[in-house]
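Count along the sequence shown from 1, add 5, and you get the number used in our numbering. Here the structure comes first, spelled out in structure tokens, and everything after it is commentary.
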Amino acid sequence: MKNKKILAIETSCDETAAAVVECEGFKNVKVLSSVVYSQIKMHKITRGVVPEVASRAHIEKIIPVIKKAVKDLKVILKDFDTIAVTVGPGLIGSLLVGIDTAKTLSFVLNKPLIPINHIEAHIYANFVGKSKILGLKSKIFPAVVLIVSGGHTQLVLMRGHGNYKLLGSTIDDAAGEAFDKVASILGLGYPGGPSISKIAGTYKRKPKSYKLRLPRPMIDSSDFDFSFSGLKTAVLYLVRNLAKDKGVTIESLLNNHRITAAIAFEFQQAVVDVLAEKTIKAARVYKAKTVMLGGGVAANQHLRKILKQKIKKIIPRPNLFIPAPDLCTDNAVVIGVCACCKLICEKNKNNWQEARINLKSKI
Ligand code: KG4
Ligand code: ZN
6 MKNKKILAIE TSCDETAAAV VECEGFKNVK VLSSVVYSQI KMHKITRGVV PEVASRAHIE
66 KIIPVIKKAV KDLKVILKDF DTIAVTVGPG LIGSLLVGID TAKTLSFVLN KPLIPINHIE
126 AHIYANFVGK SKILGLKSKI FPAVVLIVSG GHTQLVLMRG HGNYKLLGST IDDAAGEAFD
186 KVASILGLGY PGGPSISKIA GTYKRKPKSY KLRLPRPMID SSDFDFSFSG LKTAVLYLVR
246 NLAKDKGVTI ESLLNNHRIT AAIAFEFQQA VVDVLAEKTI KAARVYKAKT VMLGGGVAAN
306 QHLRKILKQK IKKIIPRPNL FIPAPDLCTD NAVVIGVCAC CKLICEKNKN NWQEARINLK
366 SKI
């Protein structure tokens, strides 16, 4: 396959992102640039994404972000062979900005457009910088992939590039959503994942530490589904009951750093226990050669550490791929790398069946 330069665009939620990726074949997939404009500051005020605010910010930033991704490469838009863009799942107002921009570029430049599934792109974060093994199907697959983001929690069996089977998903809240909502209960900042993980990291169990215990929902269920809504409610009741027992207001209870850190620690531990347990079980059942992680919650250091430890105990031990934290959260590099692999598979006449991923989204 001739060298292809891809301009990738991502606007599915609250990050406006563009990247340039170049590929020839599986052995030559290169990331040339990446720009992410995060709207986090705007959504801190409301402790969550307000869809209209997100769409308007994408409208403002999409062109500057694309210009910046292209600027230092000494290329002009005409040099691109293909445009790739996230088409879903995501917030419709946000998606439309990226899709309309990509369609316009594709029309004006007369270049093909590759539609990319956002969940699939999170999976492909695992292949960024792994050109050497990308084409070695027999060494990587079957793979079990845990995708945990603000909108999704899914366990996927990947039998090859573009070949997926959904093993399980959340029956209510996504893992990232639970982090965000619990952070709000605890009066911590948005997004909840990083703020919970930061305060939980300061908690040291001492003999006199608070012995808090939260449920591990569905940890022993025979399926690969998850549920996090009850865990969030359990945190709410825990906070209320602790305040009542101590005869203080919730506000003054949470002003006690050690108590808030203890609750955050136990909550994070509960989520990680369930995610790790089900992922390891799926890896065993499906004799996975690789376990992969993706989505914003995969940036969680505790989850990464526990999975590494647990994987070591599986015999035979599968490889564990964990993307760099900035590739776990939303970005356009993963859109470009996924588009590259799609192009290569098309060229090799391999079927790409992304429709097998459940596209149902909560956002
Ligand atoms: O993948 P992502 O950037 O956007 C979606 O596709 O949803 O994921 C965002 C989610 C948020 O819920 C955020 O709280 C969570 O990922 N997150 C984390 C961490 N960093 C981001 N959750 C736990 N620990 C983290 N370090
Ligand atoms: Zn995402």
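The C-beta atom is built at its ideal place from N, Cα and C for all residues, glycine as well. Bear in mind the structure is a predicted one, so any value in this text is a computation, not a measurement.
Annotation: Pro120 to Val342 spans about 13 Å, alpha carbon to alpha carbon. Its Cα nearest to that of Ala239, the residue Pro220 stands out among Phe229, Pro220 and Asp230. In this structure, Thr91 lies away from Ala62, with their beta-carbon atoms at least 8 Å apart. DSSP lists no bridge partner for Gln44. Distances taken from the Cβ of Gly198 to the heavy atoms of ligand 2 include none shorter than 7 Å. A distance of 8 Å or more separates the beta carbons of Ser99 and Thr175. A distance criterion of 7 Å places the beta-carbon of Asp228 beyond contact range of ligand 2, judged by its closest non-hydrogen atom. For Lys10, DSSP records a beta bridge to Glu27. Between the region 18–34 and the region 110–117 there are fewer than three inter-stretch CB-CB distances shorter than 8 Å, so the stretches are not counted as touching. Just measuring C-alpha positions, the residue of Ser226, Ile68, Met163 and Gly155 sitting nearest Tyr195 is Gly155. The Cβ atoms of Ile201 and His157 lie no closer than 8 Å to each other. In chain order, Ala23, Val70, Lys73 and Ala74 place their CB closer than 6 Å to the CB of Val40, counting only its own chain and leaving out the 5 sequence neighbours on each side. Taking a contact to require three or more Cβ pairs closer than 8 Å, the region 95–112 and the region 159–179 do not qualify as touching.
Short note on Gly181: C-beta closer than 7 Å to some heavy atom of ligand 1. Distances taken from the Cβ of Asp19 to the heavy atoms of ligand 2 include none shorter than 7 Å. Following the DSSP letters along the chain, one finds Lys313 inside the alpha helix (DSSP H) bounded by residues Gln306 to Lys317. Lys35 sits in a strand when the DSSP states are folded into three classes. Where Asn353 is concerned, there is no enclosing alpha helix (DSSP H), because DSSP gives it neither an H nor an E. Taking 7 Å as the cut-off, one finds no heavy atom of ligand 2 near enough to the beta carbon of Ser39. With contact defined as three or more Cβ pairs closer than 8 Å, the region 309–324 and the region 281–296 are in contact. Within the region 190–229, complete alpha helix (DSSP H) segments of at least 4 residues are found at 197–205, given in chain order. Under the three-state reduction of DSSP, Pro147 is assigned to coil, being neither helix nor strand. In the three-state reduction of the DSSP assignment, Lys170 falls in the strand class. Residue environment: His48 is assigned as buried (16 or more neighbouring CB atoms within 10 Å of its CB, all protein chains considered). Per DSSP, the unbroken beta strand (DSSP E) holding Thr158 starts and ends at Thr158 to Gly165. Per the DSSP secondary-structure output, Glu282 pairs with nothing in a beta bridge.
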